[in-house]
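Peer 1: With the working numbering applied, the sequence shown covers -16 to 178. One structure is given below, represented as structure tokens, and several questions about it will come after.
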Amino acid sequence: MTTEEKLKHFEESSIAKATSLASDMVGEHQKALDKIFSDHKQGKDRQVALQIRTETESIQRANNMELSKEQLKLKRLLTQHQNELKDKLFSEVIDKLDAYKKTDDYIALLKLQVEDILRIARGQEVHIYLDVDDAPLLDCLTSEKNISFMIAKSSFLGGTKAVIPSRRILIDHSFQTKLEEMKKEFTFNGGMIHE
């Protein structure tokens, strides 16, 4: 082999080796860049996922707060409407009671209440009170028994009240007390069962 051939062979092998080394270096550099890109992409994906989750939770909280406000508002409206209906209903009941107080049945009821009061008193001193509006009925009630009645200073919508001083007992058969108890315990039942 001549010197020229040797030089040519040396040059070709050196160039091949340098090309191979350069190709390996470029490959390693490309792998490093790919890894950096992959890590960066994964980091950004995690960051985006976290941001989406945070925003979603924030929106859900805001929706829940808005829903709670609306539910509270509806509950207030419902309660207000129920109270209006309740007041209207009990106003009608009072009107019916006023009409009932003009009947003979009302006088019979008062007599029954007086008998009940006397039974409870068992011969002891008793003070029986009539509603101020029932003063015209006083003669009708006192004619049958020797009982003294007192007219209450304020109206209790009808019925009777009595006090047995010796036993410190108050007997309350007044319509006002009964209505207050009914109004306190009154509830609106709804749904298919109650329609």
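For every residue, glycine included, the Cβ atom is placed at its ideal position computed from N, Cα and C.
1. Buried or exposed for Ser157, going by 16 or more other Cβ atoms inside 10 Å?
2. Is the segment 100 to 112 touching the segment 144 to 158, taking contact as three or more C-beta pairs under 8 Å?
3. From the DSSP output, read off the bridge partner residues of Lys144.
4. Starting from Asp134, follow the alpha helix (DSSP H) in both directions and report where the run begins and ends.
5. Using DSSP with H/G/I as helix, E/B as strand and the rest coil, what is Arg44?
6. Specify, as a first and last residue, the run of the alpha helix (DSSP H) that Ala104 falls within.
7. My output table needs one value for Gln107: the three-state DSSP class, helix, strand or coil.
Peer 2: Here's the rundown:
1. buried
2. yes
3. Tyr112 and Asp155
4. The identity of residue 134 in the sequence shown is Ile, whereas the question assumes Asp. Here Ile134 belongs to no alpha helix (DSSP H); instead the beta strand (DSSP E) covers Phe132 to Ile134.
5. helix
6. Asp87 to Ala104
7. coil
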